[in-house]
Amino acid sequence: MINKKQMLNIVLGLAIVLSESTWAQTPEEAEFEAFLKVHQTEFSDYQAQQNKEFEAFVKAWQDAEKQYLDKIAKRWQDPSLPSQKVWVQYTEELDRRTSIDFETGEIVVELLDSQSDEQALAFAESQLNQLAEVSVEQTLHKDPIYIQANKNLAMQSIHITESGVSKRVDTAAEYMPNKLANNASQSSINAVTKETKESKIQPVSMADQSVLSKKLVRQTLGGAKPKIVKENNRTRISYQLPSTTLSSQAERYLPQVNLQAKRWNLDPALLLAIIQTESSFNPLARSAVPAFGLMQIVPASAGKDVSAFLQGKPMLLSPEYLYKAKNNVEAGSAYVHLLSNRYFKDVRDSQSRTYISIAAYNTGPGNVAKTLSGTNSLTRASIAANLMSSEKIYQLMLQKLPAQETRNYLKKVVKRTAYYEEQLKRL
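Here it is, written out as C-alpha cells:
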C-alpha cells in the first residue's frame, strides 16, 4: 500500500527521470522524450487540469467513504469498509453484511436480527452464490461509495469516463507515439494470446469477471460446515475458502499475468507476488489513498506515469477502468517495467534492478534513490547501486528504507516470487 506521503515521491518520479539526461536511451524512449518536450506547454495545461480533477476525485471519494461509514455506524458497533484485502458489502437496509478476507480466506456473513440456523444458512448460501454470479462491474455500480462519489463529482460538473477519456481501444499500444508501440510487439502479444487459448487455465472474461470464481464457491459450500455463532441478537456465519497450491483466485488472473510478463519481459512469478502482496487477489481492492484493483494502482502517480507511457499523455484512470483485471494487470506490469527499464535502467545487475523496482513500486523511486545514494537523484542512485552486489543492495534497503512498511513489502514480494516460481514450474 502506498500512503499519501509516499504517493508524492512517485508523482515526482517522471519529472526526475526526464531531468536526468545521462541514461542510455533506446530510439523508442528518445522519441517518447522528444514527443514530451515538443508538447510541453500543451502537457503543462493538460496536467494542471488533470491535477485539479484528481484532487476533486480524491476528495469526492473520501467524502463518500466518510458519509457511508457514518451511515453504517448507526446500525453496526463495528462498522467496516472495503479495503485492500477485505471486500465488504451491506444490504440496502444495512441489516446484513458479507465480507471476504482474501488474505486469510475467511468469508463471514452477519445478520443483525434473530434468525433460525436454517434461515441464516439459506441467506449465507445465497450470498456466496451471488458472489460467483454477479460481475465485478455490476458490484461496483451498486457500491454506495462509488455512487456517492460520482454524485459528488457531478455537483462540480466533473465527469470521469471509464478510462479517463471518451474512448479507449483494448490495445494500449495503439495510443503510443509511433515506434514506441514496438515496446509491446504485437507478434509477442499474439503468441501469448495463442498460448492462453490453448492453456487449461482460462482467462477471466471481462463481462463475467466475478468477485469469486464459481469453482471456488462450489468448493467452499461443498467443504467443511460453516461455523454459526449467535450473540446479542446477532448471527455470524463463517466459511473458510479451500486452500490450494496455486490459489483459485491466482489461477483466474494467470493468463493476463503471463501476457503482460511476456510483453514487458518480466517474471510472471514477480507479478503474482506483487498482486498477492498488494491485494491478495481481491479484484475490488481499494485503499485510503485511494488506490484500486489487483495491483493497487494510484491514479495520481503510477496511473499517470503508465498512461503517459502507453497513451502519450497522463490521464486520470477511473476506478471502473482499474477494476477490470485486464486493465489493472496491464497498468501494474507496465509500471514495473518503467521502474526497472526507465527509472533505474542504468543499474547494470538485473537482480539489483528487481530488488530496487519492488521497493519503488511501494514507496516511489525518490525514496529508493535516497536510500541508495542519500539524494533523490536516480543517476547517483544507479551509480551507487553499480558499486554494490545485489545482496548488499537488498540488505541495505531492508535496513535503511524510511518506512518499515516498505521493508516488509520487499521481504514479502521476494519470498513470494520464489514461491510462485516453484509453483509455476508444476503447471
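Per mature numbering (1 follows the signal peptide of the UniProt record, and there is no 0): the sequence shown = residues -24 to -1, 1 to 403.
We treat Cβ as the ideally placed atom computed from N, Cα and C, and that holds for glycine.
- Here residue 60 carries a coil assignment [DSSP, helix/strand/coil].
- Rounded to whole angstroms, the separation of the alpha carbons of residue 207 and residue 233 is 44 Å.
- Looking only at 268, 334, 205, the smallest Cα-Cα distance to residue 303 is reached by 268.
- In this structure residue 291 is buried. Its beta-carbon is surrounded by 16 or more other beta-carbon atoms within 10 angstroms.
- Residue 69 carries a coil assignment under DSSP once its states are collapsed to helix, strand and coil.
- Nearest to residue 188 by alpha-carbon distance, out of 227, 21, 316, is 227.
- Going by C-alpha positions, residue 363 is about 54 Å away from residue 109.
- Using a Cβ-Cβ distance cut-off of 8 Å, the stretch 310 to 329 and the stretch 229 to 245 are in contact, since at least three pairs of beta carbons, one from each stretch, lie closer than that value.
- Annotation note: the stretch 250 to 329 contains no uninterrupted beta strand (DSSP E) run of length 3 or greater.
- In this model, residue 265 and residue 279 are separated by some 13 Å (Cα to Cα).
- A straight-line Cα-Cα distance of about 22 Å links residue 81 and residue 387.
- By the 16-neighbour rule on beta-carbons within 10 angstroms, residue 367 is exposed.
- Residue 134 carries a coil assignment under DSSP once its states are collapsed to helix, strand and coil.
- Residue 381 and residue 342 have their alpha carbons spaced roughly 16 Å apart.
- Taking the CA atoms as reference points, residue 27 sits about 8 Å from residue 276.
- Assigned with DSSP and collapsed to three states, residue 227 falls in helix.
- Your pair residue 124 and residue 43 checks out as a contact, with CB atoms roughly 6 Å apart and the cut at 8 Å.
- For residue 212, the uninterrupted beta strand (DSSP E) run begins and ends at 211 to 216, by DSSP.
- Cβ-Cβ separation between residue 309 and residue 237: approximately 7 Å, consistent with a contact (criterion under 8 Å).
- At the C-beta level, residue 62 and residue 77 come within 7 Å of one another.
- Residue 87 is bridged by DSSP to 72, 211.
- Going by DSSP, residue 203 is part of the beta strand (DSSP E) stretching over 203 to 206.
- Within the same chain, and ignoring the five residues on either side of residue 224 in sequence, the residues whose Cβ sits closer than 7 Å to its Cβ are 189, 191, 192.
- Residue 334 sits away from residue 344, with the two beta carbons spaced by 7 Å or more.
- Around the beta carbon of residue 338, 16 or more other beta carbons lie within 10 angstroms, which makes this residue buried.
- In summary, residue 286 is buried, with 16 or more beta-carbon neighbours lying within 10 Å of its beta-carbon over all protein chains present.
- Apart from the 5 residues on each side of it in sequence, residue 389 sits with its Cβ closer than 7 Å to the Cβ of 249, 250, 253, 334 in its chain, given in chain order.
- When the Cα atoms are used, residue 323 and residue 312 turn out to be separated by approximately 15 Å.
- Under the criterion of beta carbons closer than 8 Å, residue 96 and residue 220 do not qualify as touching, at roughly 28 Å.
- Put simply, of 373, 352, 85, 305 the residue whose alpha carbon is nearest the alpha carbon of residue 329 is 373.
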